[in-house]
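**Student:** Take this structure, written in C-alpha coordinates, and hold onto it; I'll ask about it next.
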Amino acid sequence: MTSDIVRRIGQFEPVPHLGRERSERHYREVHTRFARRMFREKSPLLRLYATNVAMAQYDIAGTFHQSPSAWRFVMSEVAASLLEAGGDSDAAGWLPEENQNLTWRDHLNCLCNIRAYEVTQTVLHSNPRARPSSTKFVALIESTGDEARGEEIYQDTHLPGLEKELLDALGLVFAASNVIERQLETAPVEYPGQMFTGGYVTASPRIAIEEFYFDNADWGYEFFAREPIYALYHRDAVLSTEVYEVEEDIGLARSDET
(Lines of atoms letter the chains of each structure in order from A and count residues from 1; the text may use other names and numbers.)
(Lines give C-alpha, C1' and ligand atoms only; values in the text may rest on other atoms or scores of the structure.)
Protein backbone atom coordinates (compact mmCIF):
# COMPACT_ATOMS: atom_id res chain seq x y z
CA MET A 1 0.00 0.00 0.00
CA THR A 2 1.28 3.47 -0.86
CA SER A 3 0.40 6.98 0.34
CA ASP A 4 -1.89 7.21 -2.70
CA ILE A 5 -4.18 4.65 -1.07
CA VAL A 6 -6.36 5.21 2.00
CA ARG A 7 -7.03 2.03 3.98
CA ARG A 8 -10.07 1.64 6.21
CA ILE A 9 -11.09 -1.16 8.55
CA GLY A 10 -14.59 -1.41 9.95
CA GLN A 11 -16.22 -3.59 12.58
CA PHE A 12 -19.95 -4.01 13.16
CA GLU A 13 -22.53 -6.11 14.99
CA PRO A 14 -25.73 -7.94 14.01
CA VAL A 15 -29.08 -6.19 14.41
CA PRO A 16 -30.26 -7.03 17.98
CA HIS A 17 -33.85 -8.04 17.24
CA LEU A 18 -32.77 -10.19 14.26
CA GLY A 19 -29.89 -11.98 15.96
CA ARG A 20 -26.64 -13.22 14.49
CA GLU A 21 -28.05 -16.03 12.34
CA ARG A 22 -30.62 -13.93 10.46
CA SER A 23 -28.26 -10.96 10.17
CA GLU A 24 -25.52 -13.23 8.85
CA ARG A 25 -27.80 -14.77 6.25
CA HIS A 26 -28.88 -11.39 4.88
CA TYR A 27 -25.38 -9.94 5.01
CA ARG A 28 -23.83 -12.87 3.19
CA GLU A 29 -26.57 -13.62 0.66
CA VAL A 30 -27.85 -10.10 -0.09
CA HIS A 31 -25.80 -7.19 1.24
CA THR A 32 -22.30 -8.26 0.21
CA ARG A 33 -23.46 -9.37 -3.23
CA PHE A 34 -25.07 -5.98 -3.77
CA ALA A 35 -21.98 -4.18 -2.43
CA ARG A 36 -19.39 -5.99 -4.53
CA ARG A 37 -21.35 -5.35 -7.73
CA MET A 38 -21.94 -1.71 -6.78
CA PHE A 39 -18.25 -1.17 -6.10
CA ARG A 40 -17.23 -2.92 -9.32
CA GLU A 41 -19.59 -0.90 -11.51
CA LYS A 42 -19.64 2.51 -9.80
CA SER A 43 -16.43 2.88 -7.77
CA PRO A 44 -13.50 2.42 -10.20
CA LEU A 45 -10.98 3.83 -7.71
CA LEU A 46 -11.89 1.35 -4.98
CA ARG A 47 -8.91 -1.03 -4.84
CA LEU A 48 -10.05 -3.54 -2.21
CA TYR A 49 -13.28 -4.68 -0.58
CA ALA A 50 -12.93 -7.69 1.73
CA THR A 51 -15.17 -9.01 4.49
CA ASN A 52 -14.15 -11.11 7.51
CA VAL A 53 -16.46 -13.09 9.78
CA ALA A 54 -15.22 -14.12 13.24
CA MET A 55 -15.24 -17.89 13.74
CA ALA A 56 -13.48 -18.28 17.11
CA GLN A 57 -11.78 -16.16 19.78
CA TYR A 58 -8.36 -16.51 21.44
CA ASP A 59 -9.07 -17.62 25.01
CA ILE A 60 -7.28 -17.68 28.35
CA ALA A 61 -6.23 -21.30 27.74
CA GLY A 62 -4.17 -20.12 24.76
CA THR A 63 -6.51 -21.84 22.29
CA PHE A 64 -9.33 -20.78 19.96
CA HIS A 65 -12.16 -22.76 21.56
CA GLN A 66 -14.10 -19.70 22.77
CA SER A 67 -17.12 -18.47 20.80
CA PRO A 68 -16.38 -15.05 19.28
CA SER A 69 -17.75 -11.91 20.92
CA ALA A 70 -17.14 -9.98 17.68
CA TRP A 71 -19.05 -10.65 14.47
CA ARG A 72 -17.75 -9.07 11.26
CA PHE A 73 -15.02 -6.82 9.88
CA VAL A 74 -14.60 -5.14 6.51
CA MET A 75 -11.30 -4.05 4.92
CA SER A 76 -11.30 -1.44 2.16
CA GLU A 77 -8.72 0.50 0.18
CA VAL A 78 -9.51 3.48 -2.03
CA ALA A 79 -7.51 5.98 -4.06
CA ALA A 80 -6.76 9.02 -1.88
CA SER A 81 -7.55 11.35 -4.78
CA LEU A 82 -11.19 10.23 -4.73
CA LEU A 83 -11.61 11.10 -1.06
CA GLU A 84 -9.84 14.43 -1.52
CA ALA A 85 -12.24 15.31 -4.33
CA GLY A 86 -15.17 14.90 -1.96
CA GLY A 87 -13.65 16.43 1.15
CA ASP A 88 -14.10 14.42 4.34
CA SER A 89 -17.29 12.72 3.21
CA ASP A 90 -17.08 8.96 3.60
CA ALA A 91 -19.54 8.55 0.74
CA ALA A 92 -17.16 10.34 -1.63
CA GLY A 93 -14.91 7.31 -1.79
CA TRP A 94 -16.83 4.36 -0.43
CA LEU A 95 -20.35 4.71 -1.78
CA PRO A 96 -21.71 6.09 -5.04
CA GLU A 97 -24.02 8.97 -4.15
CA GLU A 98 -27.10 7.42 -5.74
CA ASN A 99 -26.72 4.30 -3.57
CA GLN A 100 -26.08 5.92 -0.19
CA ASN A 101 -29.63 5.83 1.19
CA LEU A 102 -30.24 2.39 -0.31
CA THR A 103 -27.18 1.08 1.53
CA TRP A 104 -28.12 2.71 4.84
CA ARG A 105 -31.64 1.29 4.65
CA ASP A 106 -30.34 -2.20 3.97
CA HIS A 107 -28.22 -1.97 7.10
CA LEU A 108 -31.55 -2.28 8.95
CA ASN A 109 -31.66 -5.88 7.72
CA CYS A 110 -28.25 -6.98 8.94
CA LEU A 111 -25.91 -4.66 10.86
CA CYS A 112 -25.41 -1.81 13.34
CA ASN A 113 -22.81 -0.27 15.69
CA ILE A 114 -20.28 0.33 12.92
CA ARG A 115 -16.83 1.33 14.16
CA ALA A 116 -14.71 2.27 11.17
CA TYR A 117 -11.17 3.58 11.14
CA GLU A 118 -8.66 5.06 8.75
CA VAL A 119 -5.38 3.26 9.37
CA THR A 120 -1.73 3.31 8.41
CA GLN A 121 -0.50 -0.18 7.61
CA THR A 122 3.00 -1.43 8.42
CA VAL A 123 3.92 -4.83 6.99
CA LEU A 124 5.64 -6.92 9.68
CA HIS A 125 6.20 -10.05 7.57
CA SER A 126 5.61 -11.05 3.97
CA ASN A 127 6.63 -14.35 2.40
CA PRO A 128 6.80 -13.93 -1.40
CA ARG A 129 7.12 -17.69 -1.93
CA ALA A 130 4.00 -18.59 0.03
CA ARG A 131 0.84 -19.85 -1.59
CA PRO A 132 -2.46 -18.05 -0.96
CA SER A 133 -3.43 -18.46 2.68
CA SER A 134 -6.53 -20.26 3.88
CA THR A 135 -6.43 -19.03 7.49
CA LYS A 136 -6.52 -15.50 8.87
CA PHE A 137 -6.44 -14.02 12.37
CA VAL A 138 -7.36 -10.46 13.40
CA ALA A 139 -6.18 -8.81 16.64
CA LEU A 140 -7.84 -5.72 18.15
CA ILE A 141 -5.65 -3.57 20.39
CA GLU A 142 -7.09 -0.92 22.71
CA SER A 143 -5.86 1.21 25.60
CA THR A 144 -7.35 0.45 29.01
CA GLY A 145 -6.74 3.99 30.25
CA ASP A 146 -4.48 6.79 29.09
CA GLU A 147 -4.45 6.64 25.29
CA ALA A 148 -1.00 8.20 24.91
CA ARG A 149 0.46 5.65 27.33
CA GLY A 150 -1.26 2.84 25.47
CA GLU A 151 0.16 3.97 22.15
CA GLU A 152 3.63 4.18 23.70
CA ILE A 153 3.42 0.64 25.09
CA TYR A 154 2.15 -0.66 21.76
CA GLN A 155 5.02 0.87 19.77
CA ASP A 156 7.83 0.34 22.27
CA THR A 157 6.92 -3.03 23.83
CA HIS A 158 4.17 -4.88 22.00
CA LEU A 159 5.37 -4.49 18.42
CA PRO A 160 9.05 -5.35 19.09
CA GLY A 161 7.98 -8.44 21.03
CA LEU A 162 5.61 -9.48 18.27
CA GLU A 163 8.14 -8.95 15.49
CA LYS A 164 10.68 -11.10 17.35
CA GLU A 165 8.23 -14.01 17.46
CA LEU A 166 7.25 -13.57 13.80
CA LEU A 167 10.82 -14.29 12.68
CA ASP A 168 10.45 -18.07 13.06
CA ALA A 169 6.67 -18.49 12.88
CA LEU A 170 6.00 -21.66 10.90
CA GLY A 171 3.64 -21.22 7.96
CA LEU A 172 3.31 -17.45 8.34
CA VAL A 173 2.36 -15.87 5.01
CA PHE A 174 1.74 -12.23 5.94
CA ALA A 175 1.46 -10.07 9.05
CA ALA A 176 0.67 -6.37 9.37
CA SER A 177 -0.06 -3.73 11.99
CA ASN A 178 -2.78 -1.21 11.08
CA VAL A 179 -2.38 1.78 13.40
CA ILE A 180 -5.53 3.85 13.89
CA GLU A 181 -5.28 7.39 12.54
CA ARG A 182 -8.89 8.48 13.06
CA GLN A 183 -12.34 6.99 13.57
CA LEU A 184 -15.25 7.75 11.28
CA GLU A 185 -18.37 9.25 12.84
CA THR A 186 -21.64 7.34 12.51
CA ALA A 187 -25.32 8.00 13.15
CA PRO A 188 -28.41 5.81 13.62
CA VAL A 189 -30.96 4.84 11.02
CA GLU A 190 -32.94 2.74 13.48
CA TYR A 191 -30.10 1.43 15.64
CA PRO A 192 -26.83 3.28 16.45
CA GLY A 193 -24.02 3.17 13.93
CA GLN A 194 -25.94 2.30 10.76
CA MET A 195 -24.74 5.17 8.53
CA PHE A 196 -21.72 7.45 8.12
CA THR A 197 -22.07 11.20 8.70
CA GLY A 198 -18.94 12.20 6.79
CA GLY A 199 -17.25 13.44 9.97
CA TYR A 200 -14.68 11.97 12.35
CA VAL A 201 -14.55 11.14 16.05
CA THR A 202 -11.96 13.15 17.96
CA ALA A 203 -10.64 10.27 20.08
CA SER A 204 -10.82 6.48 20.20
CA PRO A 205 -9.41 3.94 22.67
CA ARG A 206 -8.52 1.59 19.80
CA ILE A 207 -4.82 1.76 18.94
CA ALA A 208 -4.34 -0.80 16.18
CA ILE A 209 -5.80 -3.73 14.29
CA GLU A 210 -3.38 -6.52 13.38
CA GLU A 211 -3.76 -9.09 10.59
CA PHE A 212 -2.05 -12.50 10.35
CA TYR A 213 -2.26 -15.02 7.50
CA PHE A 214 -1.01 -18.60 7.91
CA ASP A 215 -0.79 -21.57 5.54
CA ASN A 216 -3.31 -23.39 7.72
CA ALA A 217 -5.12 -23.04 11.03
CA ASP A 218 -2.81 -25.40 12.95
CA TRP A 219 0.26 -23.23 12.36
CA GLY A 220 -1.72 -20.21 13.53
CA TYR A 221 -2.86 -22.03 16.68
CA GLU A 222 0.74 -23.08 17.33
CA PHE A 223 1.93 -19.49 17.02
CA PHE A 224 -0.65 -18.09 19.44
CA ALA A 225 0.03 -20.93 21.91
CA ARG A 226 3.59 -19.64 22.41
CA GLU A 227 4.18 -18.24 25.90
CA PRO A 228 5.64 -14.88 24.68
CA ILE A 229 2.62 -14.39 22.39
CA TYR A 230 0.21 -15.38 25.17
CA ALA A 231 1.87 -12.78 27.41
CA LEU A 232 1.57 -10.06 24.76
CA TYR A 233 -2.15 -10.61 24.24
CA HIS A 234 -3.33 -11.70 27.70
CA ARG A 235 -1.04 -10.29 30.39
CA ASP A 236 -0.53 -6.62 29.45
CA ALA A 237 -2.11 -4.32 32.05
CA VAL A 238 -2.14 -1.27 29.76
CA LEU A 239 -3.43 -2.83 26.55
CA SER A 240 -6.73 -4.64 26.11
CA THR A 241 -6.64 -7.18 23.28
CA GLU A 242 -9.00 -9.51 21.45
CA VAL A 243 -7.81 -11.98 18.80
CA TYR A 244 -10.12 -13.76 16.38
CA GLU A 245 -9.80 -16.49 13.82
CA VAL A 246 -11.75 -15.21 10.82
CA GLU A 247 -13.00 -16.41 7.47
CA GLU A 248 -12.17 -13.91 4.73
CA ASP A 249 -14.07 -13.24 1.52
CA ILE A 250 -12.53 -10.99 -1.14
CA GLY A 251 -15.45 -9.15 -2.67
CA LEU A 252 -13.31 -7.04 -5.00
CA ALA A 253 -9.58 -6.61 -5.55
CA ARG A 254 -8.09 -4.42 -8.26
CA SER A 255 -4.46 -4.12 -9.29
CA ASP A 256 -2.97 -0.78 -10.33
CA GLU A 257 -3.59 -1.74 -13.95
CA THR A 258 -7.33 -2.41 -13.60
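In the working numbering, the protein residues as written are 1282 to 1539.
All C-beta atoms, glycine included, are put in the ideal place defined by N, C-alpha and C.
1) For Y1330, count neighbouring Cβ atoms within 10 angstroms of its own Cβ and tell me buried if that reaches 16, exposed if not.
2) Pull up the DSSP beta-bridge partners for A1534, would you.
3) Would you please state the rounded distance, in angstroms, between the beta carbons of G1452 and W1385? I believe it to be under 8 Å.
4) Check each candidate in A1420, I1510, L1389 and name the one with the smallest Cα separation from N1459.
5) Take T1296 as the anchor and find which of D1530, Q1475, E1491 has the nearest alpha-carbon.
6) If we count the other Cβ atoms within 10 Å of its Cβ and call it buried at 16 or more, is H1388 buried or exposed?
7) Do G1480 and R1317 have their beta-carbon atoms positioned less than 7 Å apart in this structure?
8) Less than 8 Å between the CB atoms is what I'm expecting for Y1398 and R1303, so what's the real figure, rounded?
9) Decide yes or no for the touch test of the region 1348-1364 against the region 1433-1446: beta carbon pairs closer than 8 Å, at least 3 of them.
10) Just checking, does the region 1512-1525 make contact with the region 1321-1328 on the three C-beta pairs under 8 Å criterion?
11) What number of angstroms, rounded off, separates the C-alpha of I1286 from the C-alpha of I1461?
12) Can you give me the C-alpha to C-alpha distance between V1519 and A1484, rounded to a whole angstrom?
13) Going straight from the alpha carbon of R1289 to that of R1507, what length do you get?
14) So Y1494 is in the beta strand (DSSP E); what residue range does that whole segment cover?
15) If contacts are defined as beta-carbon pairs under 8 Å, then C1391 and E1294 qualify, I think. What distance do you get, rounded to the angstrom?
16) Tell me the residue span of the alpha helix (DSSP H) that contains N1382.
17) If we count the other Cβ atoms within 10 Å of its Cβ and call it buried at 16 or more, is Q1347 buried or exposed?
18) Please report the distance separating the alpha-carbon of S1536 from that of L1376.
19) Starting from H1406, trace the beta strand (DSSP E) both ways and give me its first and last residue.
20) By DSSP, does I1422 sit in helix, in strand, or in coil?
21) Cutting at 6 Å between CB atoms, please list the residues of its own chain near R1396, excluding the five before and the five after it.
22) Per DSSP, which residues does P1253 bridge with? Please list them.
23) Spatial neighbours of D1369 within its chain, please: CB distance less than 8 Å, with the 5 preceding and 5 following residues excluded, ordered by chain position.
**Tutor:** Put simply:
1) buried
2) L1329
3) Going by Cβ atoms, the distance from G1452 to W1385 rounds to 41 Å, so no, they are not a contact pair.
4) A1420
5) Checking the displayed sequence, the identity of residue 1296 turns out to be Val instead of Thr. The candidate whose alpha carbon is nearest that of V1296 is Q1475.
6) buried
7) no
8) Y1398 to R1303, Cβ: 27 Å. No contact.
9) no
10) no
11) 15 Å
12) 17 Å
13) 30 Å
14) 1487-1495
15) Going by Cβ atoms, the distance from C1391 to E1294 rounds to 10 Å, so no, they are not a contact pair.
16) 1381-1388
17) exposed
18) 20 Å
19) 1392-1407
20) strand
21) Q1292
22) In this structure the chain extends from 1282 to 1539, so residue 1253 is not present and cannot be described.
23) A caution first: D1369 carries a pLDDT of 46, below 50, which makes its placement in the model too unreliable to give a value.
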